[in-house]
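In terms of the numbering used here, the sequence shown has 81 at position 75, counting the first letter as 1, and numbering is strictly consecutive. Ideal Cβ placement from N, Cα and C applies to all residues, glycine included. In what follows, a single structure is set out as structure tokens and then discussed.
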Amino acid sequence: MTGSPHFDVSTDEAGVVWITMDVEGKSVNVMTQAVTADFCAIIDEIVAHPPTGLVFRSGKARGFIFGADVNEFADFKTRREVEAHIRPVLRCFQQIEHMPCPTVVLIDGICVGGGLELAMAFSRIIGIDSPGCQVGFPEINLGLLPGYGGSARAYSRLGLEGALQLVLQGKSLKARDAHALGVMDHLVGDASELASAAQDVMAGKIERKPARTADEPAAVIAEARAAVAKRALPETMPAPFAILDHYSGESLDQTILQERETPLFSELMMTPASAGLRRTFQLNDAVKKGARGEGAVSHIHVIGAGVMGGDIAAVAAMSGFDVTLQDLSEEAITGAMARARTLYERRLKDPAKVDAVLARLSADPKGDGLATADLMIEAVAENLDIKRRVFADAEVRMKPDAIMATNTSAIPLEEIGTALAAPDRLIGMHFFNPVPVLPLVEVVYTDASRTEFVDRAMVVCGALKKLPIRCKSSPGFLVNRALLPYMFHAIEAMLDGADPDKLDQALVRFGMPMGPIELCDQVGLDVCHDAGVVIGMPKRTENKLKAMVQA
């Protein structure tokens, strides 16, 4: 058998070949071009000497297969190069699919993208009934569709509606949902039962789940097309429309679907939309890596129990931190605690888990938690004088090595820092509303800020499952510096006579998630005005916003 540092191949007494994937030098299994070439060579040898069965599994402690290495996509300069890479892999997967013996893949962990395409080539897919066992096709988030025959096999396994759900949505399914949809044929309780399940497959005891059929495929496609058209334009986001066209062909035979898939994948790979989405993915991945590590923060104290402060506290407690929540108004704290319970009940479902998280979130109207907090996050009104008073009071009550953070959206940190004896303790942690939903956090620093404090804040954001962006303290920081001029230009256009509804409709049609006028209303005209004063805006816009706030 061909040797490979990424695969262990063995044959048991019954003549069943077991392939264990453990990519060398990686903490998770990734299908690089080199790894894929090794796997194809192994399959060639197995096919030449057919076994009584074939079992594929992962040797990693974390995850199953995380798909292709997106970083290698930049190697492909032409459609021909893309297709030259794809076709040997397609042939390999077809060899597995047509083997004259039972084949089974044992999924323990995350199996997405090319990993799921590989799994679908096997006659049986076994998973673990655990939240950590998930499958999915995220390719659409990169402006692509599955490229190793996944769109065709998804249709064969799941029928039209199931295939569209998996390929179009780009979301991962937990094992139980994947089993219900038909992606997985059988679930076991834990990893110790996987080998036994593989033997059951060899003995013919586990059947493949039958594919569903759509009564009205044209109606299914039409409904999906209408839903896609509401949120995307084919000019700026061609992938979902191309996928729908792919499944709208005269024949949905697996062989024909596979023949259509390869040129379609290579075509999408060359689009500016895919290039942009892949770059965004890589940038997000780099940010997430910068937010990993051990952080010396276990207790977070939040000052301000309004919508922002209360939700920051709720998310922190749900992420495992001990949290104390302070506000002058006990009524505000009570409201924040009630919102937190609602969030936990919706997200966690299990009453015991809800109670466990609530036990980490404490009402603290007097601010006693400041004395033991490792991180304080201020989320009071966007008023410089109030913030200065809060920080001056908190500084003398906190440990000297505790981080002091403000959730301000626009006030320069240097101005807040004048209230501190040690302004190097001050950083910004600007969350976005609604905090439980939006991932971005601006981690703001000044020339005086301690680098270690900024680093620790990044790690905290990672623990909160947020996407932290480092940015210098400057008017508007990062997001508002880009967003506010867009909103103010829309207001200027409205003042020049443009219909606000048509403005919003045009920009949503262009691809923005929300129109600028609606966004102003949602953010709050007072917040827009105050932020605009800081960042600078046309005088006419300032006067209009001020008048609307006072009306």
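Using the Cβ count rule (16 or more neighbours within 10 Å means buried), how would you classify residue i?
i: Ile392; result: exposed
i: Ser10; result: buried
i: Ser455; result: buried
i: Val402; result: exposed
i: Thr84; result: exposed
i: Leu170; result: buried
i: His305; result: buried
i: Tyr492; result: exposed
i: Asn35; result: buried
i: Asn413; result: buried
i: Phe45; result: buried
i: Met6; result: Residue 6 lies beyond the residue range present for the chain, which begins at 7 and ends at 557; the question has no answer from this structure.
i: Arg130; result: buried
i: Asp114; result: buried
i: Ile48; result: buried
i: Lys472; result: buried
i: Ser272; result: buried
i: Glu589; result: Outside the displayed span of the chain (7 to 557) sits residue 589, for which this structure offers no information.
i: Phe216; result: The residue asked about is misnamed: residue 216 is Pro in this sequence, not Phe. With fewer than 16 other Cβ atoms within 10 Å, it is exposed.
Which of helix, strand or coil does DSSP assign to residue i?
i: Pro474; result: strand
i: Ala338; result: helix
i: Arg85; result: helix
i: Tyr161; result: helix
i: Gly133; result: strand
i: Glu388; result: coil
i: Ala454; result: coil
i: Glu448; result: strand
i: Gly434; result: strand
i: Phe143; result: coil
i: Met276; result: coil
i: His55; result: coil
i: Asp14; result: strand
i: Ala369; result: strand
i: Ala201; result: helix
i: Ala74; result: strand
i: Arg97; result: helix
i: Leu531; result: helix
i: Arg394; result: helix
i: Ile318; result: helix
i: Ala379; result: coil
i: Asp28; result: coil
i: Lys66; result: coil
i: Lys180; result: strand
i: Ala20; result: coil
i: Met324; result: helix
Taking 8 Å as the threshold (C-beta atoms), are residue j and residue i in contact?
i: Glu267; j: Leu151; result: yes
i: Asn147; j: Gly176; result: yes
i: Asp333; j: Gly310; result: yes
i: Ala365; j: Ala346; result: no
i: Thr330; j: Gly282; result: no
i: Gln264; j: Ala158; result: yes
i: Ile433; j: Ala411; result: yes
i: Gly133; j: Ala184; result: yes
i: Val460; j: Tyr451; result: yes
i: Met343; j: Phe79; result: no
i: Ile318; j: Phe437; result: yes
i: Ala369; j: Met404; result: no
i: Val540; j: Gly482; result: yes
i: Thr26; j: Gly69; result: no
i: Val141; j: Leu179; result: yes
i: Val41; j: Val53; result: no
i: Leu509; j: Leu531; result: no
i: Pro418; j: Ser479; result: yes
i: Ala323; j: Val386; result: no
i: Ile102; j: Phe143; result: no
Measure the beta-carbon distance from residue i to residue j and round it to whole angstroms, keeping in mind my assumption that it falls under 8 Å.
i: Val443; j: Ile475; result: The pair is not a contact, with the Cβ atoms about 17 Å apart (cut-off 8 Å).
i: Gly468; j: Arg298; result: 6 Å
i: Glu123; j: Gly155; result: 6 Å
i: Cys477; j: Leu484; result: 4 Å
i: Val15; j: Val23; result: 7 Å
i: Ala248; j: Leu270; result: 6 Å
i: Pro519; j: Ala496; result: Incorrect: roughly 14 Å between the Cβ atoms, too far for contact.
i: Pro223; j: Thr277; result: Going by Cβ atoms, the distance from Pro223 to Thr277 rounds to 27 Å, so no, they are not a contact pair.
If we define contact as Cβ-Cβ less than 8 Å, is residue i a contact residue for chain C?
i: Phe483; result: In the displayed structure, chain C is absent; only one protein chain is listed.
What I want to know is whether the C-beta of residue i ends up closer than 7 Å to one or more non-hydrogen atoms of the ligand GDP.
i: Ala224; result: As far as ligands go, the structure on display features none, and thus does not contain the ligand GDP.
Measuring CB atoms only, is the region 106-121 touching the region 59-73, in the sense that at least three cross pairs come out at less than 8 Å? yes
Contact between the region 179-188 and the region 277-292: three or more CB pairs below 8 Å? no
Validate contact between the region 58-66 and the region 95-107 using beta carbons, cut 8 Å, 3 pairs: yes
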